[in-house]
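Peer 1: In our numbering, the protein residues as written are 13 to 653. All C-beta atoms, glycine included, are put in the ideal place defined by N, C-alpha and C.
#1: Going by C-alpha to C-alpha distance, which of 616, 631 and 629 sits closest to residue 641?
#2: Threshold first: 4 residues or longer. Then list the alpha helix (DSSP H) segments lying entirely within the region 228-259, N to C.
#3: Look up residue 558 in the DSSP assignment and give the residues it is bridged to.
#4: Taking DSSP's pairing of strands, which residues face residue 198 in a bridge?
#5: Report all residues from its chain with a CB closer than 7 Å to the CB of residue 295; omit the five preceding and five following residues, and keep chain order.
#6: Could you please give the first and the last residue of the uninterrupted beta strand (DSSP E) stretch that includes residue 626?
#7: Short check: CB of residue 149 to CB of residue 162, under 8 Å?
#8: My output table needs one value for residue 272: the three-state DSSP class, helix, strand or coil.
#9: In or out: residue 514 buried (at least 16 other Cβ within 10 Å) or exposed?
#10: Would you call residue 113 buried or exposed, if buried means 16 or more other Cβ atoms sit within 10 Å of its Cβ?
#11: Leaving out five residues before and five after residue 507 in sequence, what residues of the same chain have Cβ atoms less than 6 Å from its Cβ?
#12: Exposed or buried, residue 636, counting other C-beta atoms within 10 Å across all chains shown (16 or more means buried)?
#13: Whose CA, out of 538, 643 and 555, lies closest to the CA of residue 631?
#14: In whole angstroms, what is the alpha-carbon distance linking residue 276 and residue 613?
#15: Do you know how far the Cα of residue 610 is from the Cα of residue 626?
#16: Since residue 12 contacts residue 559 with CB under 8 Å, what's their CB separation in whole angstroms?
#17: Here's the rule I'm using: 16 or more other beta-carbon atoms within 10 Å means buried, otherwise exposed. How should residue 259 be labelled?
#18: According to DSSP, is residue 161 helix, strand or coil?
#19: Quick check on this structure: which residue in 407, 250 and 279 has the alpha carbon closest to the alpha carbon of residue 354?
#20: Checking the sheet assignment: what are the DSSP bridge partners for residue 541?
#21: Can you tell me where the beta strand (DSSP E) with residue 118 in it begins and where it stops?
#22: Hey, residue 170 and residue 139: beta-carbon distance below 8 Å or not?
#23: In this structure, does DSSP put residue 193 in helix, strand or coil?
#24: Measuring only the C-alpha atoms, how far is residue 175 from residue 198?
#25: Please report how far the alpha carbon of residue 202 lies from the alpha carbon of residue 105, in whole angstroms.
#26: What's the gap between the Cα of residue 250 and the Cα of residue 572?
#27: Determine contact between the region 326-346 and the region 389-400, defined as no fewer than three beta-carbon pairs at a distance below 8 Å.
#28: Tell me, to the nearest whole angstrom, how far the beta carbon of residue 356 is from that of residue 272; I am working on the premise that it is less than 8 Å.
#29: Can you tell me which residues form a DSSP beta bridge with residue 183?
#30: I'd like the list of long-range same chain contacts for residue 586, defined as Cβ closer than 8 Å, with 5 residues on each side in sequence excluded.
#31: Taking a contact to mean a Cβ-Cβ separation below 8 Å, would you say residue 126 touches residue 206 in this structure?
#32: If I follow the unbroken alpha helix (DSSP H) through residue 304, where does it start and stop?
#33: With a threshold of 16 other CB atoms inside 10 Å of the CB of residue 120, please say whether the residue is buried or exposed.
#34: Taking the C-alpha atoms as reference points, what is the distance between residue 361 and residue 299?
#35: Reducing DSSP to helix, strand and coil, say where residue 460 ends up.
#36: By a C-beta neighbour count over all protein chains shown, 10 Å radius and 16 as the cutoff for buried, is residue 570 buried or exposed?
Below, the structure is given as structure tokens:
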């Protein structure tokens, strides 16, 4: 092949030319064979390239799949670690990890906050535990060291840290408490967990204090139950002791004890103790119907506490008029339990600021209410015993009195009977002794007076007997008291004039009428006037007054300047069949039934009779009739119609 043609061959063609078995320069090249060979070579090369590209595509897919798996695994691991760290961060406890060199590598915000609160320094990664512990011990209270020096305590802490055993409690300089729990990791590091137990410690402290208070309260309750006043039922003294102990022990300004009346319509404060002035007083009374919310709770035998009375709907009825004026902010009510219902309540009131009542205090006040209940029962027993003894004494007295009464009556009855029989004997004599007209009138008057006196005696005996037997019935009607007074004064006027007494009547104009038994009222007033005339020396004064007293009751009084009654004998004077003088020393005739009969008749009208008397000065007897028996003239006309 010419040299110039040979130079035109491309290296690849030259290679292919040589592969065809032809040697350049030897002979004419077989171009057809050569191009066939080249074509085949290119075709095979193209096939190899396609296959290579296919293989490369398969390798890319495998690589991408492998990359995806790795990425997915890494992502899952990151997500798990994120969740783990989020969970650690959300812990209420402080969490820290120290590596095998005991250097801080990770922690949560709570750990940082706890460390900062107690030391004033923030933790940083890479800080050795020894340095963290030293700072903590330096700022901790002396009590935390247990009497050890700084270095000794630090060495003790490091030893416990490197060989953790059981959790232990630690107190910080601000009074916070933490439970420290440590655990070794497999790699040789330390996991430290700090749990805030301040609230738990506070509750434990409160529990211990409550136990001490409860023990103290129980001892006080036991002492009160052994109090002489409580045991014998001296209620006034017992209530004073209980209220004063309650106020002082619970440090409240006011302690009060309230009891229901018999009808349970009113509750009265029987004792109110105020700590600041150290005074005991009788407090107010409340109408139960006016405060249904409060008494619904009390009557249910439940303790009621209120930390803020001004915003307590249960006390909205009593707050404006009773609690607010006394600056009461917190109170506690404990019912005094009775047989199936509350007999009253014990109330403690705290002033000036709000107060939260704890369970021990509630139980203590409830215990005080139980002691009050014991005192009430003891008082009831004592009163029942006194009533029984009094009934026995009255029965014995009545027995003696009736014996004395019968002895006295023999004299009282004989005197008029002897007079009547004596004059009858004169009339039976033959021949009849002639009497002058004046003598006849005098004797007839004596017989009449003796018979009238005898009738009065018998009527008094019968009336008092009927009343005692419960067989006396009132015949009530509209009574003009002015008329009754006028009639009685006229009947007694002659006797009073004969004894030289001054009888006066003081009645206001438009005196209202009274719904009463007219004969009984007349008998009451006559008995009182007869006693006044009988026991008032010549020259004395007797006055009758009537009117409405300041409280609205009808008042009727008889006053005299007579010999008077001993104060110790006033109660006896109101007992039937009792005379203050015996039959030998008695200076005035009578059965002794006048005042007892008057009292019984007044009692039947729902009224009261009171006697005030001074020896050698005089006596005042006052009768009161209830308001519901008073009638205006217009009411009297309507009721009569």
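Peer 2: Well, looking at it:
#1: The residue you call residue 641 lines up with position 629 of the chain shown. Taking only the C-alpha atoms, the option nearest residue 641 is 616.
#2: You should have 240-244.
#3: The residue labelled residue 558 in the question sits at position 546 within the chain shown. 568.
#4: Taking the chain shown and counting its residues from 1, the one referred to as residue 198 is at position 186. The beta-bridge partner set that DSSP reports for residue 198 is empty.
#5: Along the chain shown, one-based indexing puts residue 295 at 283. Excluding sequence neighbours, residue 295 sits near 268, 281 and 284.
#6: Residue 626 sits at position 614 when you count from the first residue of the chain shown. Where residue 626 is concerned, the enclosing beta strand (DSSP E) stretches over 620-626.
#7: Start at 1 with the first residue of the chain shown, and residue 149 comes out as number 137. Start at 1 with the first residue of the chain shown, and residue 162 comes out as number 150. Cβ atoms of residue 149 and residue 162: closer than 8 Å.
#8: As a first step, residue 272 must be located in the chain shown, where it is residue number 260. In the displayed model, residue 272 falls within a strand according to three-state DSSP.
#9: Locating residue 514 in the chain shown gives position 502, where the first residue counts as 1. Around the beta carbon of residue 514, fewer than 16 other beta carbons lie within 10 angstroms, which makes this residue exposed.
#10: For the purposes of this step, residue 113 is taken as the residue at position 101 of the chain shown. Taking all protein chains shown into account, residue 113 has fewer than 16 neighbouring C-beta atoms within 10 Å of its C-beta and is therefore exposed.
#11: Translated into the one-based positions of the chain shown, residue 507 becomes position 495. Apart from the 5 residues on each side of it in sequence, residue 507 sits with its Cβ closer than 6 Å to the Cβ of 545 in its chain, given in chain order.
#12: Position 624 of the chain shown, counted from the start, is the residue given in the question as residue 636. Burial state of residue 636 is buried, judged by a 10 Å Cβ sphere holding 16 or more other Cβ atoms.
#13: Along the chain shown, one-based indexing puts residue 631 at 619. Looking from the CA of residue 631, the closest CA among 538, 643 and 555 belongs to 555.
#14: The count along the chain shown starts at 1 and reaches residue 276 at position 264. The count along the chain shown starts at 1 and reaches residue 613 at position 601. A straight line joining the alpha-carbon of residue 276 with that of residue 613 spans about 29 Å.
#15: By one-based count along the chain shown, residue 626 stands at place 614. By one-based count along the chain shown, residue 610 stands at place 598. Rounded to whole angstroms, residue 626 and residue 610 show a C-alpha spacing of 21 Å.
#16: Here the chain covers residues 13 to 653 and nothing more, so residue 12 does not appear.
#17: Mapped onto the chain shown, residue 259 falls at position 247. Under this definition residue 259 is a buried residue.
#18: Working through the chain shown from its first residue, we reach residue 161 at position 149. Assignment of residue 161 by DSSP, reduced to helix, strand and coil, places it in the coil class.
#19: Here residue 354 refers to the residue found at position 342 of the chain shown. Residue 354 has its Cα closest to that of 279, out of 407, 250 and 279.
#20: Against the chain shown, residue 541 aligns to sequence position 529. Looking at the DSSP output, residue 541 bridges to nothing.
#21: As a working mapping, residue 118 is identified with position 106 in the chain shown. Bounds of the beta strand (DSSP E) holding residue 118 are 116-119.
#22: Along the chain shown, read from residue 1 onward, the residue named residue 170 stands at position 158. Along the chain shown, read from residue 1 onward, the residue named residue 139 stands at position 127. Not in contact: residue 170 and residue 139 (Cβ atoms no closer than 8 Å).
#23: Taking the first residue of the chain shown as position 1, residue 193 is located at position 181. Strand.
#24: Mapped onto the chain shown, residue 175 falls at position 163. Mapped onto the chain shown, residue 198 falls at position 186. Near 14 Å, if we compare the C-alpha coordinates of residue 198 and residue 175.
#25: Along the chain shown, one-based indexing puts residue 202 at 190. Along the chain shown, one-based indexing puts residue 105 at 93. A direct Cα-Cα distance of roughly 16 Å separates residue 202 from residue 105.
#26: Taking the first residue of the chain shown as 1, we reach residue 250 at position 238. Taking the first residue of the chain shown as 1, we reach residue 572 at position 560. Taking the straight line from one Cα to the other gives about 43 Å.
#27: Not touching, per the Cβ criterion.
#28: On the chain shown, position 344 is the one that residue 356 refers to. On the chain shown, position 260 is the one that residue 272 refers to. Yes, they are in contact, since the Cβ atoms of residue 356 and residue 272 sit about 6 Å apart, within 8 Å.
#29: Taking the chain shown and counting its residues from 1, the one referred to as residue 183 is at position 171. Paired residues: 189.
#30: Your numbering for residue 586 matches position 574 in the chain shown. The residues are 607, 608, 611, 621 and 623.
#31: Position 114 of the chain shown, counted from the first residue, corresponds to residue 126. Position 194 of the chain shown, counted from the first residue, corresponds to residue 206. Yes; because the gap between Cβ atoms is below 8 Å, this pair is in contact.
#32: Stepping through the chain shown from its first residue, residue 304 is reached at position 292. From DSSP, the alpha helix (DSSP H) with residue 304 extends over 304-311.
#33: On the chain shown, position 108 is the one that residue 120 refers to. In the assembly as shown, residue 120 is a buried residue. Its beta-carbon has 16 or more other beta-carbons within 10 Å.
#34: Locating residue 361 in the chain shown gives position 349, where the first residue counts as 1. Locating residue 299 in the chain shown gives position 287, where the first residue counts as 1. Distance between the alpha carbons of residue 361 and residue 299: 20 Å.
#35: The residue given as residue 460 occupies position 448 in the chain shown. Correct three-state label for residue 460: helix.
#36: The sequence position of residue 570 within the chain shown is 558, counting from 1. That one is buried.
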